[in-house]
Amino acid sequence: MRLNHHRASQLLSAYLDRELGPAETAAVQAHLLDCASCRAAYEGLRTTKELVGQLPVAEPPAGFWAAVRAPWLPRRAGAARIRGVFGRRVAWASAAAVLALALAATPLVKGTIDRLHASEIGVDLYVRQHAQAMGAEPFTDRAYLGLTTGDADLVLSGDAQPAGTAPR
Amino acid sequence: MGRPAAVVSMARPNASQAVSYTTEELARYEAIVQRYARHVYNVAYRMAGNEADARDLAQETFLRVYRALRRVEPDAPLESWLYRIVSNLYIDLLRKRPRGRVESLDAPVDTPRGELLREMPDPGSSPEAIIEREQLDATIQRALGTLSPDLRMVVVLSDVEGYSYEEIAMFLRVPLGTVKSRLHRARQILQQRLGRYVEARRRGWEP
Amino acid sequence: MRGIRAAAALAPALVAALVAAGATLAAPAPPAPPSVDRVLQLALDAPRVIDYEGTKIITAPRNGRTETVTAAEFHKRPNMTRLEYLSPEDVAGRLIVDDGATSWHYEPRLNTAFEGPTMTTGLLRGDLSLLHRNYRVTGLGTEEVIGRQAYVVQLAPNGPGVSRELWIDQATGTVLRTEERDPSRGVVLTTYFSRISFSLNLPTAYFRFRLPAGARVLHLFPTVDEAATPEALGRQAGFTVLVPPVLPEGYTFSGGGISRFGSLTSVNLQYSDGDSLLSLFEAPAGSIGAPAFGQDVRVGGRPARLVDLGYFRVLIWDQRGLHLTAVGTMPTETLLAIAGQLLSGREQALAHSVSRQVAVDPGVVDRLRREGLTFPEITRAVVLSQRLGIDVPTAVRFLQGRLSTAQLAQRAGVTPATLQRGVREALDQASSVGPHLPAH
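Chains C, W and V, in that order, are what the protein sequence lines are.
In the working numbering, each residue's number is its place in the first sequence (first place is 1) plus 142.
In the working numbering, each residue's number is its place in the second sequence (first place is 1) plus 60.
In the working numbering, each residue's number is its place in the third sequence (first place is 1) plus 46.
(1) Using CA coordinates, which residue listed in V:222, V:90 and V:330 is at the minimum distance from residue 284 of chain V?
(2) Is residue 164 of chain C helix, strand or coil when you go by DSSP?
(3) Would you give the residue range spanned by the alpha helix (DSSP H) that residue 430 of chain V belongs to?
(4) Buried or exposed, going by whether 16 or more other CB atoms sit within 10 Å of the CB of residue 135 of chain W?
(5) Quick one: give me the first and last residue of the beta strand (DSSP E) that residue 314 of chain V is part of.
(6) Taking the alpha-carbon positions, what's the residue 315 of chain V to residue 256 of chain V distance?
(7) From the beta carbon of residue 291 of chain C, is the nearest beta carbon of chain W less than 7 Å away?
(8) Would you verify that the beta carbon of residue 36 of chain V is, or is not, closer than 7 Å to some beta carbon of chain C?
(9) Answer yes or no: does any C-beta atom of chain C fall closer than 7 Å to that of residue 122 of chain V?
(10) Enumerate in chain order the residues of its own chain whose CB-to-CB distance from residue 312 of chain V is below 7 Å, with the five nearest sequence positions on each side excluded.
(11) Is there a C-beta anywhere in chain V that falls below 7 Å from the one on residue 266 of chain C?
(12) For residue 137 of chain V, which residues from the same chain have a beta carbon less than 7 Å from its beta carbon, with the 5 sequence-adjacent residues on both sides left out?
(13) Is there contact here, the segment 114 to 122 of chain W with the segment 196 to 209 of chain W, by at least three beta-carbon pairs under 8 Å?
(14) Examine chain W for any beta-carbon lying closer than 7 Å to the beta-carbon of residue 211 of chain C, and answer yes or no.
(15) Checking 7 Å against the spacing of the C-beta atoms, do residue 90 of chain V and residue 280 of chain C come in under that value?
(16) For residue 127 of chain W, which three-state DSSP category applies?
(17) Counting only Cβ pairs nearer than 7 Å, list the residues of chain C close to residue 257 of chain W.
(18) Identify each residue in the segment 248 to 267 of chain V for which the Cβ-Cβ distance to at least one residue of chain W is less than 7 Å, and report them in chain order.
(19) Using only the alpha-carbon positions, how far apart do residue 263 of chain C and residue 434 of chain V sit?
(20) Determine the extent of the alpha helix (DSSP H) in which residue 91 of chain V is found, giving its start and end residues.
(21) So if I threshold CB-CB distances at 8 Å, which residues from the segment 172 to 203 of chain C count as touching chain W?
(22) Beta carbon of residue 161 of chain V, beta carbon of residue 265 of chain V: below 7 Å?
(23) Of all the CB atoms in chain V, is at least one closer than 7 Å to the CB of residue 205 of chain C?
(24) In terms of alpha-carbon separation, which member of C:157, C:178 and C:288 lies closest to residue 2 of chain V?
(25) Which of helix, strand or coil does DSSP assign to residue 330 of chain V?
(26) Tell me the DSSP secondary structure of residue 228 of chain V in three-state form.
(27) If you follow the alpha helix (DSSP H) that residue 206 of chain C is in, where does it begin and where does it stop?
(28) Go through its chain and collect everything with a Cβ distance to residue 236 of chain V's Cβ below 6 Å, but skip five positions before and after it.
(29) Using DSSP with H/G/I as helix, E/B as strand and the rest coil, what is residue 93 of chain W?
(30) With 16 other CB atoms within 10 Å as the buried threshold, where does residue 191 of chain C fall?
(31) Counting contacts by CB-CB distance shorter than 7 Å, is residue 334 of chain V in contact with chain C?
(32) Using a Cβ-Cβ cutoff of less than 6 Å, which residues in the same chain neighbour residue 238 of chain V once the five nearest sequence positions on both sides are dropped?
(33) Does the beta carbon of residue 86 of chain W come closer than 7 Å to any beta carbon on chain V?
(34) List, in chain order, every chain V residue whose beta-carbon is nearer than 7 Å to that of residue 90 of chain W.
(35) Against residue 123 of chain W, what residues of chain C qualify as contacts under a CB-to-CB distance less than 7 Å, listed in chain order?
(36) Return no unless some Cβ of chain W is closer than 7 Å to the Cβ of residue 161 of chain C.
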């Protein structure tokens with residue numbers, strides 16, 4: 143099987159992806175040995191595929207996991223980003239869901255996301271830890287501590303608003 | 061102490077129909093989320109090019125899965141269905157959005173200076189390297205954005221998510237030859253837009 | 047009513063004794079109420095000896111207003127807790143199970159369980175010395191709570207701060223009711239049992255968490271690498287940490303750890319005054335910003351952010367490359383004072399100044415600060431030791447009441463009368479040094 147230049151150049155991408163049959167593969171290989179411009183084009187396609195292929199897996203933003211996992215829940219009213227594209231409000235919960243999940247599995251979260259949202263959930267994270275530590279004081283009420291840490295858990299999982307943002 | 065109930069009520073305020081799923085069904089939904097959500101988001105992000113739209117697309121996709129949960133066969137592969145939803149939702153979104161937002165095909169793609177590229181050793185080794193890496197990613201994403209949605213979807217499924225031509229053809233319900241030609245065309249456009257990067261990499265400036 | 051209780055604090059023992067002596071016969075005399083210390087000890091020991099199950103009503107600030115929350119509370123000795131929240135609606139169904147090692151919080155609405163460290167470590171602690179140093183503990187007599195006789199004990203801080211009253215069940219030592227009072231805003235937290243039943247053995251199964259089918263689990267163990275000393279914390283943090291040995295108003299370092307949450311690493315320092323806790327969190331300045339909510343305040347002339355959650359107060363500021371967050375229940379002024387002192391490095395300045403004024407090695411001042419003594423206490427101890435020719439630790443023991451005048455007189459080799467005169471002179475002299483230092 144022999145290929146003319148035009149036909150061969152059209153098959154370079156599929157050759158690169160190993161999506162050609164044995165005969166076509168051999169024919170493209172043979173043409174590449176002969177044709178400098180196809181070799182250059184092939185190199186260009188290969189490099190382009192590599193560049194696109196090395197894009198990192200996009201990290202879902204704040205509240206994504208909580209929203210996807212519990213689609214039946216109403217979204218945080220004050221935090222809605224847009225209303226319209228799909229005719230409903232879309233959540234803008236805190237990034238903490240991502241953080242919490244990162245703890246649950248492996249630390250997948252990129253530092254940039256943490257930095258952006260640590261300030262939003264930092265107060266709840268720290269109040270939670272403080273309440274946990276208060277358990278070491280002999281006369282604190284554990285039912286109240288449980289309430290406080292439980293509320294903070296919800297913020298950290300992306301399901302509730304940060305503590306300081308509640309309506310007064 | 062009889063909690064939790066075997067059946068959780070799923071009353072959705074302001075929703076016309078309230079759905080009740082058993083805990084088994086909810087566990088199945090959770091398993092679907094576990095398995096596919098990251099990929100769906102990734103594809104949505106590479107299609108839309110921004111976090112907000114990607115989130116909307118992915119969340120809406122899973123809302124549809126959730127509503128159709130009873131009709132989803134356990135353990136059936138769902139890629140095909142999910143990517144078709146994402147693709148259709150994205151095209152809907154473009155249709156509803158004012159024209160001005162869509163990038164021109166001729167928009168130049170900025171490339172950083174060559175010497176920056178030479179200084180890009182192991183990504184992750186230094187803050188500078190990370191910033192450069194992020195700049196490159198943004199440039200590639202912008203180049204993707206210049207493709208038509210049809211071409212973009214094929215590149216994303218092939219080069220980002222790594223599916224075979226056959227799978228892509230099945231997902232998008234197009235002939236195999238169409239996948240092949242779209243991908244080739246898409247890569248040619250991308251190569252042109254990313255010219256300087258492609259050239260730099262070919263010369264071995266970057267590992 | 048408060049006045050009657052206060053007046054009754056000490057008198058009944060005497061009255062009871064007189065009545066018993068004067069009575070010719072008949073009814074056995076009511077037993078004399080135990081000392082306040084004995085009552086507190088009873089309360090401290092109670093969780094280790096009895097199980098109970100009851101309904102608890104909590105009234106506290108929540109979501110920006112005062113809310114009343116109802117929970118079923120179960121306790122199994124020595125340190126297992128189960129809490130089932132019943133109302134209001136947004137917490138109904140919440141379950142917390144703490145087996146003394148791990149605490150599980152389950153939220154049925156999300157079918158999600160949060161696993162974290164136990165909240166019950168305080169149940170096994172028995173030391174009240176720090177509490178006695180920083181609080182006036184007063185018996186306010188007895189009252190009836192849900193048909194049970196209870197001792198009423200008040201813990202009032204020596205400095206400004208939150209005071210607490212405890213209603214301690216006479217029969218079991220269980221705290222039936224608590225009230226926390228903030229000087230600036232009145233009662234901030236009330237908790238009480240509306241019903242309680244005691245048992246010797248609640249089933250262990252109540253205190254084991256069983257993960258419901260399909261539940262998602264989030265592990266929230268933010269604190270790792272528990273480090274015992276401030277120095278060790280500094281080494282483990284990987285960034286320069288500011289670790290004051292003591293804070294104003296008697297807060298003493300009580301523990302800490304490195305906390306990692308996502309990629310946010312912070313050092314967590316805890317300071318206790320015996321009843322109330324202050325947490326200080328330090329993270330590299332770039333790793334976290336100030337929250338978008340709260341109010342702008344100034345600390346030492348520099349901007350800071352105060353988030354007042356009604357019960358908890360959170361103060362956030364940046365200092366020398368560190369992002370600091372202080373969390374506590376003390377008044378805002380106390381929090382601001384602590385931050386101001388940290389910011390100005392006033393601790394070092396004061397320590398230096400005291401050591402110079404009373405002519406003692408700075409190391410001695412530093413050591414006593416780490417033991418939790420205030421600057422006036424240190425001054426008094428040092429001056430006393432110099433005047434009487436005794437060592438500093440002995441002077442400290444005497445000032446803390448752990449050594450009687452007679453014992454001290456014997457050690458110093460003088461008569462108690464001479465000693466008392468010497469002590470008064472020493473204390474007068476010390477008061478002219480005290481905390482009123484030229485650092486202002």
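By construction, the Cβ of each residue, glycine as well, lies at the ideal position given by its N, Cα and C atoms.
So, to answer that:
(1) Along the third sequence, one-based indexing puts residue 284 of chain V at 238. Measuring from the Cα of residue 284 of chain V, the nearest candidate turns out to be V:330.
(2) Numbered from its first residue, the first sequence carries residue 164 of chain C at position 22. Reduced to three states, the DSSP call for residue 164 of chain C is helix.
(3) Position 384 of the third sequence, counted from the start, is the residue given in the question as residue 430 of chain V. Membership of residue 430 of chain V in the alpha helix (DSSP H) is indicated by the continuous run 421 to 434.
(4) Mapped onto the second sequence, residue 135 of chain W falls at position 75. Exposed, since its Cβ has fewer than 16 Cβ neighbours within 10 Å.
(5) For the purposes of this step, residue 314 of chain V is taken as residue 268 along the third sequence, with counting starting at 1. Segment 310 to 318, the beta strand (DSSP E) holding residue 314 of chain V.
(6) For this step, residue 315 of chain V is matched to residue 269 along the third sequence. For this step, residue 256 of chain V is matched to residue 210 along the third sequence. Their Cα atoms are separated by approximately 33 Å.
(7) Sequence index remark: in the first sequence, residue 291 of chain C carries index 149 (1-based). Not closer than 7 Å to any Cβ of chain W, the Cβ of residue 291 of chain C fails to qualify, so no.
(8) Outside the shown range of chain V, which is 47 to 486, sits residue 36 of chain V, and nothing can be said about it.
(9) Position 76 of the third sequence holds residue 122 of chain V. Answer no: the Cβ-Cβ gap between residue 122 of chain V and chain C never drops below 7 Å.
(10) As a position in the third sequence, residue 312 of chain V is number 266, starting the count at 1. Excluding sequence neighbours, residue 312 of chain V sits near 305, 327, 328 and 329.
(11) The count along the first sequence starts at 1 and reaches residue 266 of chain C at position 124. Not closer than 7 Å to any Cβ of chain V, the Cβ of residue 266 of chain C fails to qualify, so no.
(12) In the third sequence, the residue the question calls residue 137 of chain V occupies position 91. Around residue 137 of chain V: 115 and 131.
(13) Counting Cβ pairs under 8 Å, fewer than three are found: no touch.
(14) As a first step, residue 211 of chain C must be located in the first sequence, where it is residue number 69. At least one chain W Cβ lies under 7 Å of residue 211 of chain C.
(15) Translated into the one-based positions of the third sequence, residue 90 of chain V becomes position 44. Translated into the one-based positions of the first sequence, residue 280 of chain C becomes position 138. Against a cut-off of 7 Å, the Cβ pair of residue 280 of chain C and residue 90 of chain V comes out as a contact.
(16) Numbered from its first residue, the second sequence carries residue 127 of chain W at position 67. In the structure shown, residue 127 of chain W falls within a helical segment according to DSSP collapsed to helix, strand and coil.
(17) One-based indexing of the second sequence puts residue 257 of chain W at position 197. The contacting residues are 193.
(18) Listed in sequence order: 258, 259, 260 and 262.
(19) In the first sequence, the residue the question calls residue 263 of chain C occupies position 121. In the third sequence, the residue the question calls residue 434 of chain V occupies position 388. Roughly 56 Å between the two C-alpha positions.
(20) Within the third sequence, residue 91 of chain V is the residue found at index 45, counting from 1. For residue 91 of chain V, the uninterrupted alpha helix (DSSP H) run begins and ends at 82 to 95, by DSSP.
(21) 185, 186, 187, 189, 190, 191, 192, 193, 194, 195, 197, 198, 199, 200, 202 and 203
(22) Within the third sequence, numbered from 1, the residue matching residue 161 of chain V stands at position 115. Within the third sequence, numbered from 1, the residue matching residue 265 of chain V stands at position 219. Cβ distance < 7 Å, so residue 161 of chain V and residue 265 of chain V count as in contact.
(23) Position 63 of the first sequence, counted from the start, is the residue given in the question as residue 205 of chain C. Not an interface residue.
(24) In the structure as shown, chain V starts at 47 and stops at 486, and residue 2 of chain V therefore has no counterpart that could be examined.
(25) Within the third sequence, numbered from 1, the residue matching residue 330 of chain V stands at position 284. If DSSP states are grouped into helix, strand and coil, residue 330 of chain V belongs with the strands.
(26) As a first step, residue 228 of chain V is located in the third sequence; it is residue number 182 there, counting from the start. The answer is strand: DSSP assigns residue 228 of chain V an E or B state.
(27) If you number the first sequence from 1, residue 206 of chain C lands on position 64. Per DSSP, residue 206 of chain C belongs to the alpha helix (DSSP H) from 206 to 211.
(28) On the third sequence, residue 236 of chain V is found 190 positions in, with the first residue counted as 1. Once the five neighbours on either side are set aside, the close Cβ partners of residue 236 of chain V are 105 and 225.
(29) The residue you call residue 93 of chain W lines up with position 33 of the second sequence. Three-state result, residue 93 of chain W: helix.
(30) On the first sequence, residue 191 of chain C is found 49 positions in, with the first residue counted as 1. So residue 191 of chain C ends up on the buried side.
(31) Within the third sequence, numbered from 1, the residue matching residue 334 of chain V stands at position 288. Cβ-Cβ to chain C under 7 Å: yes for residue 334 of chain V.
(32) Counted from its first residue, the third sequence places residue 238 of chain V at position 192. Closer than 6 Å at the Cβ level, and outside the excluded window around residue 238 of chain V, lie 103 and 223.
(33) Stepping through the second sequence from its first residue, residue 86 of chain W is reached at position 26. Chain V, which has a Cβ nearer than 7 Å to the Cβ of residue 86 of chain W, makes this yes.
(34) Along the second sequence, read from residue 1 onward, the residue named residue 90 of chain W stands at position 30. By Cβ distance, chain V contributes 260 and 262.
(35) Walking along the second sequence from the start, residue 123 of chain W turns up at place 63. The answer, in chain order, is 213.
(36) Within the first sequence, the letter at position 19 stands for residue 161 of chain C. At least one chain W Cβ lies under 7 Å of residue 161 of chain C.
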